[in-house]
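Worksheet for the structure shown next.
In the working numbering, the protein residues as written are 38 to 241.
The structure is reproduced here in structure tokens:
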């Protein structure tokens, strides 16, 4: 109810589903932009519902953007959600700002048609979602934001070296972790192009 209220206030249309079975049916019956998938649900949990959605024969349905919502903010839960095929992860209690940012990120990285990928290559403004930066600046201040961005960028060469080394060694577990962290970090600052490519590598 809280998530629905927040999203409706932001202008989104929300259709609740009582459990994973209803969620799976809804995705098959009509188009949606994305799914907020609770993990703990009766009849079929969110992980199984996500796996079944990813196996649907219709690519538009199978590739729908799915954001996990769970109270189980434990070590490894994010990896379980991503391994099941989810695109992003939010922990409860619901943080209004993070929820809205997750929705914004989804709309920035999810292609809406077959031409979206090629169109994105020519859209320089899609490298960075400036609204995320502006919201962070308003929340934590310019000085703190600049410090965090500087730290993230300074760590980039070392992260890329770890990813390259893991790739050369065939250590996919290590590679996925480093790529996941890279995508999450840049996604937090609105670096949508980096985040998108990182998520694609992580999923592969």
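Built from N, CA and C at the ideal position, the CB exists for glycine as well.
Alpha-carbon to alpha-carbon, residue j and residue i
i, j, result
"residue 104", "residue 137", "12 Å"
"residue 182", "residue 189", "11 Å"
"residue 158", "residue 222", "Here the model assigns residue 158 a pLDDT of 43, short of 50, so the residue's position is not dependable, and the following value carries that caveat. Looking at the two C-alpha atoms, the distance is approximately 22 Å."
"residue 194", "residue 64", "41 Å"
"residue 107", "residue 208", "29 Å"
"residue 40", "residue 171", "23 Å"
"residue 68", "residue 83", "19 Å"
"residue 128", "residue 95", "29 Å"
"residue 85", "residue 91", "10 Å"
"residue 177", "residue 48", "26 Å"
"residue 54", "residue 236", "27 Å"
"residue 46", "residue 114", "29 Å"
"residue 218", "residue 202", "16 Å"
"residue 51", "residue 206", "45 Å"
"residue 99", "residue 167", "30 Å"
"residue 62", "residue 192", "44 Å"
"residue 78", "residue 175", "36 Å"
"residue 173", "residue 179", "8 Å"
"residue 184", "residue 66", "47 Å"
Top-ranked residue by Cα proximity to residue i, from the options
i, options, result
"residue 234", "226, 220, 225, 227", "220"
"residue 214", "230, 229, 241, 191", "241"
"residue 229", "176, 180, 169, 202", "169"
"residue 38", "78, 131, 192", "131"
"residue 144", "78, 70, 175, 180", "70"
Whether residue i touches residue j by CB criterion (8 Å)
i, j, result
"residue 101", "residue 58", "no"
"residue 80", "residue 97", "no"
"residue 121", "residue 88", "yes"
"residue 186", "residue 227", "no"
"residue 76", "residue 133", "no"
"residue 116", "residue 139", "no"
"residue 225", "residue 212", "no"
"residue 239", "residue 119", "yes"
"residue 232", "residue 135", "no"
"residue 216", "residue 200", "yes"
"residue 123", "residue 74", "yes"
Contact test: residue i Cβ vs the ligand MN heavy atom, cutoff 7 Å
i, result
"residue 144", "Among the ligands in the structure shown, none appear at all, so the ligand MN cannot be discussed."
Inset, instruction - Within the region 76-116, note down every full alpha helix (DSSP H) run reaching 4 residues or more, in order along the chain. - result: Counting only runs of 4 or more, we get 83-91, 96-99.
Inset, instruction - Just list the alpha helix (DSSP H) runs in the region 116-145, keeping only unbroken ones of 4 residues or longer that don't cross its boundaries, in chain order. - result: none
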